[in-house]
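Q:
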Ligand SMILES: *[C@@H]1O[C@H](CO)[C@@H](O)[C@H](O)[C@H]1NC(C)=O
Ligand SMILES: *[C@@H]1O[C@H](CO)[C@@H](O)[C@H](O)[C@H]1NC(C)=O
Ligand SMILES: *[C@@H]1O[C@H](CO)[C@@H](O)[C@H](O)[C@H]1NC(C)=O
Ligand SMILES: *[C@@H]1O[C@H](CO)[C@@H](O)[C@H](O)[C@H]1NC(C)=O
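In mature numbering (1 follows the signal peptide of the UniProt record, and there is no 0), the protein residues as written are -24 to -1, 1 to 315.
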């Protein structure tokens, strides 16, 4: 009896002392987000993988720091990194969503984030374009994509009724939603899409994701923005990060509303990462992991889009298709490779 009584007071103490502490848990205002690297189509002397700089600048613009998530690492290395960072972004690109270094790393982070959620540990994942497609594969276990005519076109979003209550869009100012819905400011560069029909037919996807926006290529309707119901996972088939940071294609929108809406997307995801309390074991390890250790390379002309850099680590090249400034002096590697 006494034991029970004591137990009860313990539970009460737990509820009154621990619960408020959890509820008022402080935001992590030093979020670090992983951005996944991917294989270059053709390895070059300078390296065989890259991260496009726009994703890095996109996250930095909203107050995050970035670490590269290299391909071809061991499970243990990925797990260690998972426990150190506050979210991960799967960028767009052109590798297999089933069999590539990118796909392998993505699947490990996805599984770890699912497991973490069941332990009350919040770990957000964002997929853009290829990353969106990767999420549909990881969730359904199937490639459910259909060819669409969407290679290089900016579109206004068609919001679903569910979008109004979504975590992603519900905090956006009305003028930003209105611009997204009426102006062609979301850039699509994909040959494959998840059609609304395929989504409707997939129980795995229907149960997991809410469709927030759709688009169509004139013939086929496809899902363009989604968020998971029970996990902090988000996907856009379009490219929010390009609007302020990529200048090589005429169809990339740069209007004030295009850039402003990009910022709200970045702000949302970085705020999700601020809810994660993962930390590097030491400040030194954090410093050594940050992307600041890698020199960006300005790829400039279209001929040299696909390649570049690697100081100090040849496993990660930063593709700066849009760096307006140019690489830091002393680390400049000229791009001489026809791509
Ligand atoms: C693809 O879409 C573009 C507009 O974005 C259009 O000009 C072109 O005719 C379309 N091609 C096909 C094959 O439908
Ligand atoms: C969305 O909401 C509008 C206005 O409330 C309603 O007319 C429409 O039927 C709804 N659409 C769906 C698919 O639920
Ligand atoms: C998918 O399902 C929604 C909701 O049931 C429906 O409104 C829509 O027409 C369907 N779309 C297609 C292409 O099947
Ligand atoms: C990753 O591993 C594959 C297969 O072993 C190899 O071909 C590729 O060069 C590696 N890439 C990097 C960047 O380590």
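Just so you know, even glycine gets a beta-carbon here, dropped at the ideal spot from N, CA and C.
Among 180, 249, 130, which residue has its Cα nearest to the Cα of residue 116?
A: The residue labelled residue 116 in the question sits at position 140 within the chain shown. Checking every option, the nearest Cα to that of residue 116 belongs to 180.
Q: Using 8 Å for Cβ pairs, my map puts residue 113 next to residue 74. What's the rounded Cβ distance?
A: On the chain shown, position 137 is the one that residue 113 refers to. On the chain shown, position 98 is the one that residue 74 refers to. Rounded, the Cβ-Cβ distance is 7 Å, consistent with contact.
Q: In terms of DSSP beta bridges, what is residue 65 paired with?
A: Your numbering for residue 65 matches position 89 in the chain shown. Paired residues: 11, 102.
Q: Quick check: does the Cβ of residue 172 come within less than 7 Å of any heavy atom belonging to ligand 3?
A: To locate residue 172, count along the chain shown from 1; it is residue 196. Checking the Cβ of residue 172 against ligand 3 gives yes.
Q: Can you round the beta-carbon distance between residue 100 and residue 226 to whole angstroms, since I take them to be within the 8 Å contact cut?
A: One-based indexing of the chain shown puts residue 100 at position 124. One-based indexing of the chain shown puts residue 226 at position 250. Not really, about 33 Å apart at Cβ, beyond 8 Å.
Q: Spatial neighbours of residue 178 within its chain, please: C-beta separation below 7 Å, excluding the five flanking residues on both sides.
A: To locate residue 178, count along the chain shown from 1; it is residue 202. Result list for residue 178: 116, 120, in chain order.
Q: List the whole-angstrom C-beta distance separating residue 246 from residue 38, where the pair is believed to meet the contact cut-off of C-beta under 8 Å.
A: Walking along the chain shown from the start, residue 246 turns up at place 270. Walking along the chain shown from the start, residue 38 turns up at place 62. The pair is a contact, with the Cβ atoms about 4 Å apart (cut-off 8 Å).
Q: Pick out every residue whose C-beta is nearer than 5 Å to a heavy atom of ligand 1: which are they, in chain order?
A: Any residue whose Cβ sits closer than 5 Å to a heavy atom of ligand 1 makes the list: 125, 129.
Q: Could you give the distance in angstroms between the alpha-carbon of residue 169 and the alpha-carbon of residue 250?
A: Residue numbering aside, residue 169 sits at position 193 when the chain shown is read from its first letter. Residue numbering aside, residue 250 sits at position 274 when the chain shown is read from its first letter. Computed Cα separation, rounded: 31 Å.
Q: If you check the beta carbons only, do residue 105 and residue 215 fall under 8 Å apart?
A: Counting from 1 along the chain shown, the entry for residue 105 is found at position 129. Counting from 1 along the chain shown, the entry for residue 215 is found at position 239. Yes, Cβ-Cβ distance for residue 105 and residue 215 is below 8 Å.
Q: Go ahead and pull the three-state DSSP assignment for residue 228.
A: The residue given as residue 228 occupies position 252 in the chain shown. In this structure, residue 228 counts as coil in the three-state DSSP scheme.
Q: Tell me whether residue 126 sits in a helix, a strand or coil according to DSSP, three-state version.
A: Counting from 1 along the chain shown, the entry for residue 126 is found at position 150. Residue 126: strand per DSSP, three-state reduction.
Q: In whole angstroms, what separates the C-alpha of residue 286 from that of residue 271?
A: As a position in the chain shown, residue 286 is number 310, starting the count at 1. As a position in the chain shown, residue 271 is number 295, starting the count at 1. No answer about residue 286 holds up, because its pLDDT of 34 lies below 50 and its placement is not dependable.
Q: Thinking residue 108 and residue 211 are a contact (beta carbons under 8 Å), I'd like their distance in whole angstroms, please.
A: Stepping through the chain shown from its first residue, residue 108 is reached at position 132. Stepping through the chain shown from its first residue, residue 211 is reached at position 235. Residue 108 to residue 211, Cβ: 4 Å. Contact.
Q: What are the start and end residues of the beta strand (DSSP E) that includes residue 211?
A: On the chain shown, position 235 is the one that residue 211 refers to. That run of the beta strand (DSSP E) goes 209 to 212.
Q: Bridge partners for residue 165 per DSSP, in chain order?
A: The residue given as residue 165 occupies position 189 in the chain shown. Beta-bridge pairing links residue 165 to 127.
Q: Could you give the first and the last residue of the continuous alpha helix (DSSP H) run that contains residue 256?
A: Walking along the chain shown from the start, residue 256 turns up at place 280. Per DSSP, residue 256 belongs to no alpha helix (DSSP H) and is neither H nor E.
Q: Does DSSP put residue 203 in a helix, a strand or coil?
A: Taking the first residue of the chain shown as 1, we reach residue 203 at position 227. It is a strand residue.
Q: Under a Cβ-count criterion, where at least 16 other Cβ atoms within 10 Å of its own Cβ denotes burial, should residue 259 be classed as buried or exposed?
A: Residue numbering aside, residue 259 sits at position 283 when the chain shown is read from its first letter. Classification of residue 259: exposed, given that the 10 Å Cβ count is below 16.
Q: When you compare each of 45, 7, 254, 141 to residue 204 by their alpha carbons, which one comes out closest?
A: Counting from one through the chain shown, the residue named residue 204 turns up at place 228. The residue with the shortest Cα to Cα distance from residue 204 is 141.
Q: Let me check you understand the geometry: is the CB of residue 137 closer than 7 Å to at least one non-hydrogen atom of ligand 6?
A: Questions concerning ligand 6 fall outside what the structure shown contains, since the ligands it does hold are ligand 1, ligand 2, ligand 3 and ligand 4.
Q: Considering only DSSP beta bridges, list what residue 52 is partnered with.
A: Along the chain shown, read from residue 1 onward, the residue named residue 52 stands at position 76. Partner(s): none; residue 52 has no beta bridge.
Q: Decide yes or no for the touch test of the region 129 to 139 against the region 77 to 93: beta carbon pairs closer than 8 Å, at least 3 of them.
A: The region 129 to 139 vs the region 77 to 93: no contact.
Q: Once DSSP output is grouped into helix, strand and coil, what is the label at residue 270?
A: The sequence position of residue 270 within the chain shown is 294, counting from 1. Residue 270 falls in the coil class under three-state DSSP.
Q: Beta strand (DSSP E) containing residue 41: first to last residue?
A: Counting from 1 along the chain shown, the entry for residue 41 is found at position 65. That run of the beta strand (DSSP E) goes 41 to 45.
Q: According to the neighbour-count rule (16 or more other Cβ atoms, all chains shown, within 10 Å of its Cβ), is residue 202 buried or exposed?
A: Here residue 202 refers to the residue found at position 226 when the chain shown is read from its first residue. It is buried - the Cβ of residue 202 has at least 16 other Cβ atoms within 10 Å.
Q: Around the Cβ of residue 241, are there at least 16 other Cβ atoms within 10 angstroms (buried) or fewer (exposed)?
A: Translated into the one-based positions of the chain shown, residue 241 becomes position 265. Residue 241 should be labelled buried.
Q: What is the rounded straight-line gap between the Cα of residue 110 and the Cα of residue 79?
A: The residue you call residue 110 lines up with position 134 of the chain shown. The residue you call residue 79 lines up with position 103 of the chain shown. One C-alpha to the other measures close to 7 Å.
Q: Excluding the five sequence neighbours on either side, which residues of its own chain have a C-beta within less than 7 Å of the C-beta of residue 138, listed in chain order?
A: Within the chain shown, numbered from 1, the residue matching residue 138 stands at position 162. The answer, listed in chain order, is 186, 187, 188.
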